[in-house]
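Per our numbering, residue 537 is the first one in the sequence shown, and the count goes up by one each step. Glycine included, C-beta positions come from ideal geometry on N, C-alpha and C. Quick caveat: nothing in here was measured; it's all calculated off a predicted structure.
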Amino acid sequence: MTTITSANSTPQSPRWLAQRLKALGDALAPDQLAAAGRQLLLPLMGILVFVGFWHLAAPQVDTSLGSFPGPAQVWEQSGQLWQEHVSQRERADRFIAMQEERNARILADNPEAEVKIRNYPGAPTFPDQVVTSLFTVLAGFVLATAIAVPLGIVVGLNRHFQAAVNPLIQIFKPVSPLAWLPLVTMVVSATYVSDDPMFEKSFLTSMITVTLCSLWPTLINTSVGVAAVHPDLLNVSRVLRLSFWTHVRKVVLPSSVPMIFTGLRVSLGIAWMVLIAAEMLAQSPGLGKFVWDEFQNGSSESLSRIMVAVLAIGFIGFVLDRVMLLIQRRVAWNE
């Protein structure tokens, strides 16, 4: 490549920078620009077509609460839910400030007096319920991962253990969360008894139900990935006479990481879907309870609010999958 310079195009001069930018633009092939445009424009076109169809079809659907909400009504209710959250936070701040002022007066009169700061008793807002659902699903997913990955490694390494456990996996894998929930509720109510509980029973019920329904894809993919380790790697491990734990850490896990993360992505998606149903029935203060309460409310704004929750559930599920994919690309050797 020949570099063209002149008296007015010394390095770091504006003319030199312009020439470099022009050379960079010329280096980009037209097909690369077209591919980048398709990656941006086609999804945008799909979203616009969906919103347009939704806008035209929504008024044609009449329900007992009125017409099905369109994009404008849903957008308006999303803003209303945010304003309710802001107002609730302001009231909570004033509530705490009043208690602090009262406690200051009490301590001024009696320095040895016992004072407390009570939490604001108001109902959780929509963003609060989103945070609760995220915490619940992540707790259930982490517990499922802690069970499924070690068990999947053992199943993949030992064909006799695999033959013994496989029927149980196939039996429990398709069980619906609606079937697990009554059993989990009764077990939690009978065993988790405390005068000062660390967690609410509804939270534990939802979390355990999420764990029971989401661990199977990770378990199956981990066992398949472990069983598919290349024979050459196994032979090297035998020649070096590696211990069991060294063999698992140095040979098995690195080779099976791609399959493990495939199972983790599927498990996280299932966990997020299961959580909404579990929260509806367990009345855990999350998105599922928000949808159920709005359905029971039956006001003219309920459908719009439920649609806001539906879009939030879908968007959060998409973000969780993208985050897991990003982690996979940083950890898995095949990425």
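How big is the Cα-Cα spacing for Ala-726 and Ser-738?
-> 13 Å
Span separating the alpha-carbon of Trp-828 from that of Met-816 = 6 Å
Met-722 versus Val-673: straight-line alpha-carbon distance, rounded = 21 Å
So, is Lys-825 buried or exposed, given that buried needs 16 or more other C-beta atoms within 10 angstroms?
-> buried
Rounded C-alpha distance that separates Pro-657 from Trp-618 = 19 Å
Contact between the segment 687-702 and the segment 801-820: three or more CB pairs below 8 Å?
-> no
Between the beta-carbon of Val-784 and the beta-carbon of Ile-689, is there less than 8 Å?
-> yes
Which ranges would you report for the alpha helix (DSSP H) in the segment 697-781 if only whole runs of at least 4 residues count?
-> 713-727, 737-763 and 767-776
Gln-596, buried or exposed, once every other Cβ within 10 Å from all chains shown has been counted against 16 = exposed
Using CA coordinates, which residue listed in Gly-676, Leu-770 and Leu-804 is at the minimum distance from Pro-790?
-> Leu-770
Do the CB positions of Leu-804 and Asp-857 come within less than 8 Å of each other?
-> yes
Roughly how many whole angstroms lie between the Cα atoms of Ala-682 and Arg-630?
-> 42 Å
For Thr-747 versus Leu-679, is the C-beta distance shorter than 8 Å?
-> yes
Leaving out the 5 sequence neighbours to the left and right, which residues in its chain are closer than 8 Å to Val-844 when beta-carbon positions are compared?
-> Val-610, Gln-613, Ser-614, Leu-617 and Phe-662
Chain-order list of residues whose beta-carbon lies under 7 Å from that of Leu-687 (same chain, five-residue window excluded) | Leu-755
Kindly indicate the opening and closing residues of the alpha helix (DSSP H) around Lys-786.
-> Here Lys-786 belongs to no alpha helix (DSSP H), and DSSP marks it neither H nor E.
Can you tell which of Val-802, Leu-578, Val-788 and Met-581 has the C-alpha that lies nearest to the C-alpha of Asn-694?
-> Val-788
Chain-order list of residues whose beta-carbon lies under 7 Å from that of Trp-716 (same chain, five-residue window excluded) = Thr-745, Leu-748 and Cys-749
Taking the alpha carbon of Pro-718 as the point to measure from, which residue in Glu-830, Gln-635 and Ser-742 has its own alpha carbon closest?
-> Ser-742
Mind reading off the beta-carbon distance from His-591 to Pro-579? Whole number of angstroms is fine, and I expect it under 8 Å.
-> That belief does not hold up - the Cβ atoms of His-591 and Pro-579 are roughly 19 Å apart, past 8 Å.
Straight-line CA distance for Pro-753 to Leu-800?
-> 7 Å
Might you give, ordered along the chain, the residues of its own chain that have their beta carbon closer than 6 Å to the beta carbon of Pro-605, omitting 5 neighbours on each side?
-> Leu-839, Ser-840 and Met-843
Less than 8 Å between the CB atoms is what I'm expecting for Val-691 and Ser-623, so what's the real figure, rounded?
-> Not a contact, Cβ separation roughly 53 Å.
Whole-angstrom distance between Asn-639 and Ala-848, CA atom to CA atom | 40 Å
Determine the burial state of Gly-761: buried for a count of at least 16 other Cβ atoms within 10 Å of its Cβ, exposed for fewer.
-> buried
Can you tell me whether DSSP reads Val-603 as helix, strand or coil?
-> What sits at residue 603 in the sequence shown is Ser, not Val. Of the three classes helix, strand and coil, the one that applies to Ser-603 here is strand, per DSSP.
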